[in-house]
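Student: Take a look at the following structure, please.
Protein chains: 2
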Amino acid sequence: MTATSQLLGISNAIVDILAHVDQQLIDDLGIVPGSMNLIDEQRAREIYAMMGPATEMSGGSVANTVAGFANLGGDAAYIGRVRDDQFGEVFNHDMRSLGVDVRLAPSTDGAPTARSHILITGDGQRTMNTYLGACTELSVTDITAETIGTPKAVLLEGYVWDCPEGPMLAQKAIDIASERGAAIALSLSDSFCVQRHRDAFEGFVRDGVDIVLADEDEIVALLQTKSFDETLAALDAYDNLFAITRSEKGSVIKHGDQLHTQPATRVDKVVDSTGAGDAYSAGFLFGWVNDYTLADCARLGTWCATTVIQQLGARIERGVLDGFARN
Amino acid sequence: MTATSQLLGISNAIVDILAHVDQQLIDDLGIVPGSMNLIDEQRAREIYAMMGPATEMSGGSVANTVAGFANLGGDAAYIGRVRDDQFGEVFNHDMRSLGVDVRLAPSTDGAPTARSHILITGDGQRTMNTYLGACTELSVTDITAETIGTPKAVLLEGYVWDCPEGPMLAQKAIDIASERGAAIALSLSDSFCVQRHRDAFEGFVRDGVDIVLADEDEIVALLQTKSFDETLAALDAYDNLFAITRSEKGSVIKHGDQLHTQPATRVDKVVDSTGAGDAYSAGFLFGWVNDYTLADCARLGTWCATTVIQQLGARIERGVLDGFARN
C-alpha cells in the first residue's frame, strides 16, 4: 500500500531565522542585497553572532508552497531531511499541523537542521544566508516507491540540486513518479541557482519535467535570453507548461500554442513580499490538480500571492480561498 | 574583579512558541483563557501537537524587561538557565545581540530549554502553557559574588519561586546584592503566581525587596484587598517603592507618603498587548537607575508600554527613546 496525495513536494527543509538589520551589516558581510547565499556552518555562526534578536519560523521555498497547498485544502505530502533537533521538530510540526504527510523521519545523526539567516533591511529587502545542514544528506535511498506514493503531481525545487545527491535523487523521483502517472513540476528557485545548474535544469525541462514554475529572472537565466519577448519566443521550442511570474507585471502562462496573461492585483501596501512566488505556485498547482482552466490556475496563483504580500510571513494561511471564485 | 551592570535580571529563560488558534482549542484543552499554566513535558508535547504552525522567539517576563532595558541603552546582565540546545542558543543569542551580559553557560545535560506554548485567539488574548524545563535547574550554586557582580539593581520575577531552589537562590541573590549596595526589585509575574507563593512574597517584600513591580491583580492578590482604594490604603504599611500598572487606567507609583498617578496614553489600535507590563518595568527601572524623578520613571514606563502594544512582539526595540523627553 502506498500513500496517496495530490501534491508531493521534495525540497530543502529549512527553518528561517529572521532579523531586521542595518544596511551596514549587509555591506560589512560583503553580500549582494536581496541574494540567497549558501554558507557553511562557520559562516552561519559568524552571521548569526552579528545579527540582532531574531524570530524563527519554518521556511524553504517549495516547503512554503506545500504548506500553502495544504492550507488551500489540498492533500499534500513532503520529502525533506531534518535532524532530530529542535529546529527539525519545529519544521515537521508546522508541516504536520497543516495535515501534510511528512514522509521521512528526522536523522538521528549528521548535520543539524538547515537554517536560513534572513537579514531584513529598512527597504523590506531580504538577504538570505542559508546553511543547508541536514538537507545535504537527503539521499537517493530516501526516494522509494513508498516515500513517493501515488501523487497527482510531484514538485521539486532547483535548490535540491545544491545537495550532493540532489541530481540523482531528483532523477529517481521523476522516474518513479512518472511511471505512476504523476506530473512533474520544477520550481527554478532563484536565478543564481539556475546559473549554478543550468545544464542540468535544461536537460530536465527537455526530458522529464511537465510544469516549470519560475519568475522572469529565472526563466531568462535558464534560456539565456535578453528580453521577455525573446524569452516567450524561445519557449516555443518547449512543450512544457510554463507559469512565469513577473511581480507587478502579473504572470504569463504558456503551454504550446496557448498563452494566457494574468495581470497582477493592485494592493495598497505590500507588507512583506517574501513568499509571493511560493504562494503563486501553491495556488497555481492547487488549481491544476483540481482541473481548473489554466486561466483559473493563474487567477488562483495571483490571489494567493496577493494575499501573502499583504501579511507578515511567507506562508499563506487557512481560509485564503474565502472570497475566491473561478471564472 | 566582578562585572558591573546597571540592571541584573534573574528569571526563567523561556522561548515562546506562538500560534493563532480557535477558541475551541482552549476549550478542548480545558484551560482558562488568558491564564499562564505550568505544564510538564508530556502535556507540552500534547499541546504542541494540537497547535497549528507556530513562530518561535525569545520570551520570559523579566527577560523581556532586561532586553528592553538594554534596548533603552542600559547596561544589563542576566542570570537564567538554558540547555545547550537550539532554543537555548536562540535565547542566549537574542540577549547577547542586545549587549546583555549573559552570566551562565548553558547546561550540558538535564531538561531542554524552557518553552511557553502561547495560544492566541481571535480576540487577541494569549493563553500560556509553560514547560519550565532547564529553568527548574537554576540553582543556588549559580548565584555567586561573581555572577551577581556589582549591579545598581537586581530584578527578580515571581516565577523564579516556581523552581525547586527558587526561594533559596532568590534569598542568596538578595543577600549578596544588598551587601554590595544594589537595590532589589521584584516583579510579581501574575496573580496566580502570587497565590502560589503569597507568604514567601509577603515576607520578601517586608524584608529584602526595595521596589515592587506589579499590575493591579497581582498587588490585590498579594495584599488580599478587595478594591484598589483599599489596596492603596494597605500600602501605607510598607516602605517599599511600588509601581503598579492598571492597563487603560494608567499606573500608580507609591513610596511612603509620595503618590504619583500616571495616566495611560490613548492609542488608536492595540496591535498586541503582550509584554506591556514588562516594557513598563524596563522604562521604569531605566529611569530609576538613571536617577529620574519617580514621575519621569512612570512616564518612561508608560512610553515603553505604549510603544510595545502598538507592535507585534513582547520586547521593545532599539530607538524606543526617540521622541521621549523628561519633564
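So the protein sequences, as listed, match chains C and V.
Numbering of the first sequence is given in my numbering, commencing with residue 1 and proceeding in unit increments.
Numbering of the second sequence is given in my numbering, commencing with residue 1001 and proceeding in unit increments.
Glycine residues also receive a C-beta, built at the ideal position from the N, C-alpha and C atoms.
Would you mind telling me which residues of chain V sit closer than 9 Å to residue 85 of chain C, beta carbon to beta carbon, in chain order?
Tutor: 1085, 1086
Student: Tell me which residues share the same chain as residue 1276 of chain V and place their Cβ nearer than 7 Å to its Cβ, disregarding the 5 neighbours each side in the sequence.
Tutor: Non-local beta-carbon contacts of residue 1276 of chain V in its own chain, meaning distances under 7 Å to residues more than five positions away in sequence, involve 1305, 1308, 1309 in chain order.
Student: Nearest to residue 1270 of chain V by alpha carbon, out of V:1290, V:1314, V:1186, V:1135?
Tutor: Nearest to residue 1270 of chain V by C-alpha distance, out of V:1290, V:1314, V:1186, V:1135, is V:1314.
Student: The ligand SAM and residue 92 of chain C: does the residue's C-beta get closer than 7 Å to at least one heavy atom of that ligand?
Tutor: Questions concerning the ligand SAM fall outside what the structure shown contains, since it holds no ligand whatsoever.
Student: Tell me whether residue 1321 of chain V sits in a helix, a strand or coil according to DSSP, three-state version.
Tutor: In this structure, residue 1321 of chain V counts as coil in the three-state DSSP scheme.
Student: Taking C-alpha atoms, which residue in V:1040, V:1056, V:1038 lies nearest to residue 1020 of chain V?
Tutor: V:1056
Student: Short of 8 Å Cβ to Cβ, which residues in the stretch 39–55 of chain C face chain V?
Tutor: 48, 49, 51, 52, 53, 54, 55
Student: Do residue 110 of chain C and residue 134 of chain C come within 8 Å of each other at the CB atom, strictly closer than that value?
Tutor: The Cβ-Cβ distance between residue 134 of chain C and residue 110 of chain C falls below 8 Å.
Student: To the nearest whole angstrom, what separates the beta carbons of residue 1117 of chain V and residue 1158 of chain V, a pair I think is in contact under 8 Å?
Tutor: Actually they do not touch by this definition, with Cβ atoms about 20 Å apart.
Student: To which residues of the same chain is residue 1219 of chain V closer than 6 Å at the C-beta, ignoring the five residues directly before and after it?
Tutor: 1231, 1244
Student: If you run the structure through DSSP and keep just helix, strand and coil, what is residue 1051 of chain V?
Tutor: coil
Student: Any idea if residue 45 of chain C is buried or exposed, counting beta-carbon neighbours within 10 angstroms, 16 or more meaning buried?
Tutor: exposed
Student: Can you give the Cα-Cα distance for residue 1327 of chain V and residue 1091 of chain V, rounded to whole angstroms?
Tutor: Per the coordinates, the alpha-carbon of residue 1327 of chain V lies some 36 Å from the alpha-carbon of residue 1091 of chain V.
Student: At least one CB of chain C closer than 8 Å to the CB of residue 1090 of chain V: is that the case?
Tutor: yes
Student: Does the Cβ-Cβ distance between residue 60 of chain C and residue 11 of chain C come in under 8 Å?
Tutor: yes
Student: By Cβ distance below 6 Å, which residues in the same chain neighbour residue 1294 of chain V in space, the five residues on each side in sequence not counted?
Tutor: 1253, 1260
Student: Consult DSSP for residue 211 of chain C and reduce its assignment to one of helix, strand or coil.
Tutor: strand
Student: Whose C-alpha, out of V:1104, V:1246, V:1213, is nearest the C-alpha of residue 1079 of chain V?
Tutor: V:1104
Student: Should residue 1098 of chain V be flagged as near chain C, meaning a C-beta pair shorter than 8 Å?
Tutor: yes
Student: For a test of the three-state rule: what should DSSP assign to residue 1296 of chain V, helix, strand or coil?
Tutor: helix
Student: Skipping 5 residues on each side, what residues in its chain have a beta carbon closer than 6 Å to that of residue 1241 of chain V?
Tutor: 1211, 1255
Student: Name, please, each residue of chain V whose Cβ falls closer than 7 Å to the Cβ of residue 94 of chain C.
Tutor: 1053, 1054
Student: Against residue 315 of chain C, what residues of chain V qualify as contacts under a CB-to-CB distance less than 9 Å, listed in chain order?
Tutor: 1053
Student: Is there a Cβ from chain V that is less than 8 Å from the Cβ of residue 57 of chain C?
Tutor: yes
Student: Of all the options V:1268, V:1321, V:1292, which has the alpha carbon lying nearest to the alpha carbon of residue 1303 of chain V?
Tutor: V:1321
Student: In whole angstroms, give me the CA-to-CA distance for residue 1071 of chain V and residue 1301 of chain V.
Tutor: Taking the straight line joining both Cα atoms gives about 13 Å.
Student: So what's residue 1175 of chain V in DSSP terms, helix, strand or just coil?
Tutor: helix
Student: Name the two residues that bound the continuous beta strand (DSSP E) containing residue 1148 of chain V.
Tutor: Boundaries around residue 1148 of chain V are those of the alpha helix (DSSP H), 1145–1148, since no beta strand (DSSP E) includes it.
Student: When the Cα of residue 37 of chain C is compared with those of C:115, C:264, C:51, C:229, which residue comes out closest?
Tutor: Residue 37 of chain C has its Cα closest to that of C:115, out of C:115, C:264, C:51, C:229.
Student: Output needed for residue 1005 of chain V: all residues of its chain with C-beta closer than 7 Å, excluding positions within five of it in sequence on either side, in chain order.
Tutor: 1075, 1076, 1077, 1101, 1149, 1151
Student: For residue 1 of chain C, which residues in the same chain have their Cβ closer than 7 Å to its Cβ, ignoring the five residues on either side in sequence?
Tutor: Because residue 1 of chain C carries a pLDDT of 43, less than 50, the predicted location of this residue cannot be relied on, and no value is offered for it.
Student: Whole-angstrom Cβ separation of residue 1063 of chain V and residue 1013 of chain V, contact assumed at under 8 Å?
Tutor: 6 Å
Student: Is it right to say residue 86 of chain C is buried, meaning 16 or more other beta carbons lie within 10 angstroms of its own, or is it exposed?
Tutor: buried
Student: For residue 287 of chain C, report the span of its alpha helix (DSSP H) as first-last.
Tutor: 276–289
Student: I'd like the span of the beta strand (DSSP E) that includes residue 16 of chain C, first residue to last.
Tutor: 14–20
Student: Cα-Cα, which of V:1247, V:1161, V:1213, V:1023 is closest to residue 1355 of chain V?
Tutor: The structure shown does not extend to residue 1355 of chain V, since chain V spans only 1001 to 1327, so no value can be given for it.
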